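Below is one structure, written out as structure tokens, with a few remarks after it.
Number of protein chains: 2
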Amino acid sequence: MTVEKEIALRTERINAVLENYLPKEEGYQKRLLEAMNYSVRAGGKRLRPMLMQESFLLFGGTGRVIEPFLAAIEWIHTYSLVHDDLPAMDNDEYRRGKKTTHAVYGEAMGILAGDALLNYAFETASLAFEEAPADPAVGKAFRILACKAGAYGMAGGQAVDVESELDGSLPMTEERLEFIYRLKTCALMEASMEIGAVLAGASAKEQEVMGQIAGKVGMAFQIQDDILDLTSTLEVLGKPIGSDEKNRKATYVALHGMERAKEEVERLSGEAVQLLEGLGKEDGFLKELIRYLIHREK
Amino acid sequence: MTVEKEIALRTERINAVLENYLPKEEGYQKRLLEAMNYSVRAGGKRLRPMLMQESFLLFGGTGRVIEPFLAAIEWIHTYSLVHDDLPAMDNDEYRRGKKTTHAVYGEAMGILAGDALLNYAFETASLAFEEAPADPAVGKAFRILACKAGAYGMAGGQAVDVESELDGSLPMTEERLEFIYRLKTCALMEASMEIGAVLAGASAKEQEVMGQIAGKVGMAFQIQDDILDLTSTLEVLGKPIGSDEKNRKATYVALHGMERAKEEVERLSGEAVQLLEGLGKEDGFLKELIRYLIHREK
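Shown next, in the form of structure tokens:
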């Protein structure tokens, strides 16, 4: 089976888990629940839950304790897109060819649906306490999720990114850009791979290594995103190319040039795979997935 | 000591706990952290943490496991105000005589600061896992917090409230208004009192009764709010009176008249106190606090 088919199969399985946890569209707050579900169903490859699931399997995880967290990480990723698309932020009417949440449900409901999805992530994850009420690993997973999503994780990266765009006087340095990428993109991937490991009973050292791998994968993934924005085509990418340049967005390619960007993707990718091999586990699909993510063409 | 002085003393003690958990304003995301702290420090009486603390004491709770939750419930209350004030929502430039968060930091940062505060609530609460890693009560408290704040709690109530204001064709029925109050106002109070009880080791039955008390207190509190909006003065209330009428907001008073509103406050207040007495605990300050909240003049 090709890696694309393997991924499609896993996406399908994860979508089934997600559907299981999505709220029923009923009650006075029906429209809010519809807006939440619309946002989640608008799709995506479910990479973060996939990384989590594969990390869980890598360390021999079994049982359903992982499932609420698979959903939770996707809710958090989704809420961040919903709020990113708002008029006061990137003001996008379309994402992946579909109307964005606020474009369909209005701005107020876009804000509230994002809020409710973020909250629902913790609500869903907290179901794992019922699965394993006295297992300290669940509390630990919870803390990783919360920390990597917040002001010292994804939300912090978004804030610095937004500030850099709004305030032209802030110079985009190498360190600042790395900070944004590390928080905005890498943090949720780190959460995914660390939570998978922790819930499968990995040691603190193993958790740390998984975090390092995810950090490298996330960074390479983001730089590859910058590269594709310049080199791909509308047909392949499914969105207008050159949008970073148009929005005068500082990217790794803009700062360091295409050649160094490509080298950096290779370097990070090699390091991630090396760290993974160093764990001495039967790595199943994870290595392939990482290589694919980093070298993808869309 | 008067009840006002008792409350002021407790507010001060809670503020000290909150300050302990507020983020340091440093790093690239300094402005986000400043906006978060600004929102929290803009103040308020800290009623939710106060209800939580008193419920904890009612059931003989000791130790510091409650503290992260005292902070978390206030972060959630604060984020809801920050997002409520946004231009796409109530569009308020001032709250309690101070500039609102988006008025100071801009709309994008207002959205992100709210997001980050909501997330920070779960981040802060998850510190309790370090205090008591294998205590199932912490997981239970976590789940209460998440459920009461989300689409089936506060956020759900806000969504229905916003929808009712935007869509004039939706008739405001008694049931719909009660639903909004129950979710928007009561849910966080229920969370406060239930979490206090659970962390102190209360039984499931006791937790349920505390939820019922909080539901009645919250409902009476909200109706009293409607009454004060019509009967108080600018000087006493610290904000323009008659604002509900101006905004054509459906309230309990608008729907049922002033007389019935006042009767309802009395009825709910009496029932709450009766339930509290029925628990057969030495109720310390909680009964006084409840009576004060419901009969307050501002």
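These protein sequence lines are chains E and U, in that order.
Counting from 1, position 53 in the first sequence corresponds to residue 53 in our numbering; the numbering is continuous, with no gaps.
For any residue, its number in our numbering is found by taking its place in the second sequence, counting from 1, and adding 298.
Idealized CB from N, CA, C, for every residue including glycine.
Since the structure is predicted, the reported quantities are computational estimates derived from the model, not experimental observations.
- For alanine 71 (chain E), the closest Cβ of chain U is not nearer than 8 Å.
- Contact between glutamate 504 (chain U) and leucine 553 (chain U) does not hold, since the beta-carbon distance rounds to 34 Å and is not under 8 Å.
- Judged by beta-carbon spacing, alanine 159 (chain E) lies within the 8 Å limit of methionine 407 (chain U), meaning their Cβ atoms are closer than that value.
- Annotation for alanine 35 (chain E): Thr101, Tyr105, Met109, Ala113 place their beta carbon closer than 7 Å to its own, counting only its chain and skipping 5 residues before and after.
- Residue range 434-447 is occupied by the alpha helix (DSSP H) that includes lysine 446 (chain U).
- The C-alpha of glutamate 67 (chain E) lies about 11 Å from the C-alpha of glutamate 74 (chain E).
- At least one CB atom of chain U sits nearer than 8 Å to the CB of isoleucine 111 (chain E).
- Note on geometry: alpha-carbon atoms of valine 65 (chain E) and alanine 128 (chain E) lie some 6 Å from one another.
- Annotation: lysine 140 (chain E) to valine 198 (chain E) spans about 8 Å, alpha carbon to alpha carbon.
- For leucine 526 (chain U), none of the residues of chain E pass the 9 Å Cβ criterion, the least Cβ distance being about 26 Å.
- Scanning the stretch 348-415 of chain U for uninterrupted beta strand (DSSP E) segments of 3 residues or longer gives nothing; none is fully contained.
- For a Cβ distance threshold of 9 Å, residue set Phe427, Gly437 of chain U lies close to valine 138 (chain E), ordered along the chain.
- Between leucine 268 (chain E) and methionine 219 (chain E), the C-beta gap is smaller than 8 Å, which places the two residues in contact.
- Counting only residues of its own chain and dropping the five nearest sequence neighbours on each side, histidine 375 (chain U) has a CB closer than 8 Å to the CB of Gly342, Arg346, Leu486.
- Ranked by Cα distance from alanine 430 (chain U), the first of U:Lys328, U:Arg339, U:Thr360 is U:Thr360.
- Sequence-distant Cβ neighbours of alanine 419 (chain U) in its own chain, meaning closer than 6 Å and more than five residues away, are Ala370, Trp373, Ile374.
- Given a length threshold of 4 residues, each whole run of the alpha helix (DSSP H) inside the stretch 471-515 of chain U is given here in chain order: 472-479, 485-497.
- Contact annotation for glutamate 107 (chain E) against chain U: Ala386 [CB-CB distance below 8 Å, chain order].
- Annotation: Cβ neighbours of leucine 331 (chain U) in chain E (cutoff 7 Å, chain order): Ala151.
- In the displayed model, threonine 11 (chain E) falls within a helix according to three-state DSSP.
- As the crow flies, the alpha-carbon of phenylalanine 69 (chain E) is around 43 Å from that of glutamate 562 (chain U).
- Look at the beta carbons and you see the stretch 312-332 of chain U touching the stretch 151-166 of chain E: at least three pairs across the two are nearer than 8 Å.
- CA-to-CA, the gap between glutamine 212 (chain E) and serine 192 (chain E) works out to about 12 Å.
- Closest by C-alpha distance to glutamate 595 (chain U), out of U:Gly568, U:Tyr550, U:Ile521, is U:Ile521.
- Taking a C-beta distance under 8 Å as the contact criterion, tyrosine 292 (chain E) and isoleucine 7 (chain E) qualify as a contact pair.
- Assignment of glutamine 327 (chain U) by DSSP, reduced to helix, strand and coil, places it in the coil class.
- Close CB contacts of methionine 470 (chain U) within its chain, under the 8 Å cut and outside five residues either way in sequence, are with Ser462, Ala548, Leu553 (chain order).
- Counting along the chain, methionine 1 (chain E) sits inside no alpha helix (DSSP H), nor does DSSP assign it H or E at all.
- For methionine 219 (chain E), the nearest beta carbon of chain U is not closer than 8 Å to its own beta carbon.
- Collapsing the DSSP output to three states places leucine 279 (chain E) in coil.
- Residues of chain U with a Cβ closer than 9 Å to the Cβ of methionine 36 (chain E) are, in chain order, Ala449.
- When the beta-carbon positions are compared, glutamate 476 (chain U) and alanine 512 (chain U) stay at least 8 Å from each other.
- Here the C-alpha atom of methionine 299 (chain U) lies approximately 37 Å from the C-alpha atom of glutamate 428 (chain U).
- Within chain E, Tyr28 have C-beta atoms less than 9 Å from the C-beta of arginine 474 (chain U), given in sequence order.
- Taking 9 Å as the upper bound on Cβ-Cβ separation, chain U lies near no residue of the stretch 39-71 of chain E.
- For tyrosine 252 (chain E), the secondary structure class from DSSP, reduced to helix, strand or coil, is helix.
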